[in-house]
Amino acid sequence: MTSSPRIGDRAGAVEPPRRRARSGRGPRASEGRWVLLFLAPTLIGLAVLSAGPILATLAISLTKWDMLTAPQLVGLDNYGTLLGDDRFLKALRNTAFYTVVSVPIGLTLALALATALNQQIRGIAWIRTAYFLPLVTSATAIALVWLWIYSPTGPLNDILSAFGIPRQRWIADPVLAMPSIIAMSIWQGLPANVIIFLAGLQAIPAEYYDAASVDGAGRWGRFRKITLPLLTPSMFFTGVLALIGAFQVFDQVYVMANPGKPGEATITLVYFIYEAGFRNFKMGYAAAGSWIMFLIVAVATIVYFRTQDRWVHYQ
Amino acid sequence: MSMQAATARTARRSATRRRRKLVRQAGQYSALVVGGVAMMIPFLWMLTVSLKTRAEVFSSSPLFFPSGLHWENYSKMWFALPGVTFGTFFQNSIVIASLATLGQVITCSMAAYAFAVFDFRFKRVLFAMILATLIIPFQVVLVPNFILYRYLPWPFSESGNWIGTNLPLWVWAFFGGAFGTFLLRQFFLTIPSELADAARVDGANPWQVFLRVYVPLARPALATLAIFQFMWSWNDLLDPLIYLRDLPSYTTTVGLAFFQGQFVGKWPEMMAGALVSLLPMIILFVIAQKYFVRGITLSGLKG
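Protein sequence lines, in the order shown, are assigned to chains A and B. Numbering-wise, our numbering comes out as the position in the first sequence, counting from 1, plus 3. Numbering-wise, our numbering comes out as the position in the second sequence, counting from 1, plus 27.
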């Protein structure tokens, strides 16, 4: 699998060539023991730390549990309460807004940037380093500097007021808070998407462009007729990652919105889960929120995969 | 004569073309450089603010450079919290990130080897399950994992269980992981089976084949996984926030977030702290950029 993996087929995409011909017999018993040895840590992890706990989350979500007294079975009560909880609904709405705005803008910018960076000119490695740097930085530290950028006496307001635009409160403003966080996240998320797009661009054979040039296609024509269609697998891939990543926003919100206390303007789904479970110790309630998040992500991912055939072109 | 004129004309035309190409390249070049600087601006501001006096941050325009280099902001930041220094946070982060990295490298390469080399029942189902966990946000299992660690005994902690220790932040790494298994399996599949066969003829068992053939050959892929896991552990905020209870056990990220809550408005110190916390990753990135790029393109997963 190289630059543009097809997620849906990942499991079966690259089948290992059969190592030893064993004329249809199954693996030797002794080999089975080796497999078990190599897989033991993974199997335990899967059962106890990842796949198992998803079911455990469902079970816990049916209880009322403060971790001090024994859990009480309450059926679907938590879900009912959640749907009437204003803070949860706000978290849902903010997360949805964040996803719907940040994913398309982020991907479009990344595509433009990757196209610009896809050139063999001297010093391009250094230029790329500058663009890629946000990739490795923690959202926590980044949020601090953006907090200053957005502060009342910060540079953003300085620049705007130079143009006669009044100073804004950005993070503290109920309407502007989420867009402000989105702008920062797009900046930080750019490198990863650019890198995937760059790999996709570099996998497009140069002959395609040569042939199109001979046929009289201009730059824009070549971009639209060759680059875009051949890049759809990369777009699909970055789309999945961006979608799942968008549901997980936490760090920025925690740091920027007056640590640990985001108002209703910026609270996100993960923050809500964190708050319910680890601040208020309502484990059942937090688990119910988690399970809803799981369902939303699962449905969104499945729907997204379903659209694959309609717009993704595999060579 | 006319031949000469024609040659001259061609030469002139190609010169024009060359010049036009040069101009276009210069344009692209400067656009890329300007864009690169724009991407770096938050980092540059972090640096300039960290060197200003507090008064300067509020009075002078943020766009200007500091009047002098106030390095004392860094020492103020380092010793700002009672009883602990920023060095303690660093140490905690290094310990946790190193152990998590070690665990992932060992157990993911083992699982990847099994998937790449052996045939066994339920192989496809199992591999699909592992990949599925890539798509599921880990926050979904926060609650059950917390409860699990809450009931695992630990005699040396105040709580008597794993809560308040750094165990929940790295022990999991010794039980496999989807990203690493996928990444390494892809790599192992490219290793010709003849090499393993040769070792086997020499009497090596699968474990020895794994250690002597596969692991040495997979060094670049192992480095990629190691670098990513180290970065994720270093940058993680949510997990340390949940599991670490007292200041001396905080990681750099939690320490930084805590710092911000305590010192609202102390921008120079805060920026100094942010910059110092990023430094190890920035250095790692400049040294090992190709591994980052490879890791992203190979499986493109951010966490």
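Even for Gly, the Cβ is constructed at its ideal location relative to N, Cα and C. Treat the numbers as computed from the prediction; the structure is a model and nothing was measured.
- In this structure, the straight-line span from the alpha carbon of residue 274 of chain B to that of residue 161 of chain A is close to 36 angstroms.
- Going by beta carbons, residue 157 of chain A and residue 151 of chain A fall inside the 7 angstroms limit.
- Residue 66 of chain A is bridged by DSSP to A:76.
- In the DSSP assignment, residue 285 of chain B falls within the alpha helix (DSSP H) that extends over 279 to 289.
- For residue 83 of chain B, the enclosing alpha helix (DSSP H) has its first and last residue at 81 to 86.
- At least one CB atom of chain A sits nearer than 7 angstroms to the CB of residue 63 of chain B.
- Of all alpha-carbon atoms in A:286, A:132, A:155, A:73, the one lying nearest the alpha-carbon of residue 317 of chain B is that of A:132.
- For residue 154 of chain A and residue 244 of chain B, the gap between their C-alpha atoms comes out near 51 angstroms.
- Separation of the CB atoms of residue 206 of chain B and residue 140 of chain B is rounded to 16 angstroms, and the pair is thereby denied contact status at 8 angstroms.
- With contacts defined by Cβ atoms closer than 7 angstroms, residue 93 of chain B and residue 78 of chain B form a contacting pair.
- Here DSSP, grouped into helix, strand and coil, assigns residue 69 of chain B to helix.
- In the displayed model, residue 171 of chain B falls within a helix according to three-state DSSP.
- The alpha-carbon of residue 277 of chain B is positioned some 38 angstroms away from that of residue 305 of chain A.
- Residues of the segment 168 to 180 of chain B with a C-beta less than 9 angstroms from any C-beta of chain A: 168, 169, 170, 171, 172, 173, 174, 175, 177, listed in chain order.
- In the structure shown, the three-state DSSP call for residue 182 of chain B is coil.
- With its beta carbon less than 7 angstroms from one in chain A, residue 312 of chain B belongs to the interface.
- Between residue 258 of chain B and residue 139 of chain A, the CB-CB gap stays under 7 angstroms.
- With a threshold of 7 angstroms between beta carbons, residue 35 of chain B makes no contact with chain A.
- Distance check between residue 112 of chain A and each of A:50, A:283, A:188 places A:188 closest, using alpha-carbon atoms only.
- Taking 8 angstroms as the upper bound for CB-CB distance, residue 199 of chain A and residue 241 of chain A are in contact here, some 5 angstroms apart.
- If you draw a straight line from the Cα of residue 188 of chain B to the Cα of residue 95 of chain A, it is about 34 angstroms long.
- Counting the other CB atoms within 10 Å of its CB gives residue 263 of chain B a total of 16 or more, which places it among the buried residues.
- Residue pairing by DSSP puts residue 188 of chain B in a beta bridge opposite B:180.
- For residue 307 of chain B, the closest alpha carbon among the candidates A:141, A:69, A:84 is that of A:141.
- Residue burial annotation: residue 234 of chain B is exposed, with fewer than 16 other C-beta atoms found within 10 angstroms of its C-beta.
- Boundaries cannot be given for residue 193 of chain B, as no alpha helix (DSSP H) includes it and DSSP labels it neither H nor E.
- Burial state of residue 296 of chain B is buried, judged by a 10 Å Cβ sphere holding 16 or more other Cβ atoms.
- For residue 254 of chain A, the nearest CB of chain B lies under 7 angstroms from its own CB, placing it at the interface with that chain.
- Residue 122 of chain A carries a coil assignment under DSSP once its states are collapsed to helix, strand and coil.
- Taken in chain order, the whole alpha helix (DSSP H) runs of length 4 or more contained in the segment 148 to 208 of chain A are 158 to 165, 180 to 205.
- What residue 164 of chain B touches in chain A, judged by beta-carbon distance under 8 angstroms, is 247, 250, 251, 273, 296, 297, 300, going in chain order.
- In the three-state DSSP reduction, residue 139 of chain A falls in the helix class (H, G or I).
- Under the three-state reduction of DSSP output, residue 296 of chain B falls in the helix class.
- Here residue 317 of chain A carries a coil assignment [DSSP, helix/strand/coil].
- In the three-state reduction of the DSSP assignment, residue 163 of chain B falls in the coil class, being assigned neither a helical nor a strand state.
- Under the DSSP assignment, residue 253 of chain B falls in the alpha helix (DSSP H) whose first and last residues are 246 to 262.
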